[in-house]
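S.K.: Numbers in my numbering are just positions in the sequence shown, counted from 1, shifted up by 1430. Note that beta-carbon positions come from the ideal geometry of N, C-alpha and C, so glycine has one too. This one's a predicted model, so the numbers in the text were calculated from it and none came from an experiment. Pasting in a structure now, in structure tokens, and then I'll have a few things to ask.
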Amino acid sequence: MTNYVEAPIDDWIAACDGRVLEIFTPYREGSMRYYVTLMVGCEIDGNTLTVSFQRSEKGFWPFREEQRPQVETLVGLINSARGV
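Below is the structure:
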């Protein structure tokens, strides 16, 4: 598995280097960053990248069907880094 994955999620970008998931959005300057080993879960639910965090918080990022292969690769890297 590669050490870096970048996946389009709708009109945003999700990137992971095996340690940090970073979500780039046109609605903010900069990005949102999440440390992979602190995640409780990472999965695809329909056409939504879903990440679970401690305290029952979740992140939901929809993607288009043609983006699914890249998002699946991203989820695989994240879960591999999490030891799942």
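Should L1507 and V1435 be called a contact, given that it needs their Cβ atoms to be closer than 8 Å?
M.R.: Taking 8 Å as the Cβ cut-off, L1507 and V1435 qualify as a contacting pair.
S.K.: Tell me whether the beta-carbon of V1505 lies closer than 8 Å to the beta-carbon of E1473.
M.R.: Cβ atoms of V1505 and E1473: closer than 8 Å.
S.K.: Taking the alpha-carbon of R1485 as reference, which of P1492, W1491, R1498, V1470 has the nearest alpha-carbon?
M.R.: Out of P1492, W1491, R1498, V1470, V1470 has the C-alpha closest to the C-alpha of R1485.
S.K.: Beta-carbon separation of I1439 and F1493 under 8 Å?
M.R.: In contact: I1439 and F1493 (Cβ atoms closer than 8 Å).
S.K.: Which runs of the beta strand (DSSP E) fall wholly inside the region 1474-1500 and span at least 3 residues, in chain order?
M.R.: Correct list: 1478-1482, 1488-1492.
S.K.: For D1441, which of W1491, E1452, R1512, T1503 has the nearest alpha-carbon?
M.R.: With distances taken between Cα atoms, D1441 lies closest to W1491.
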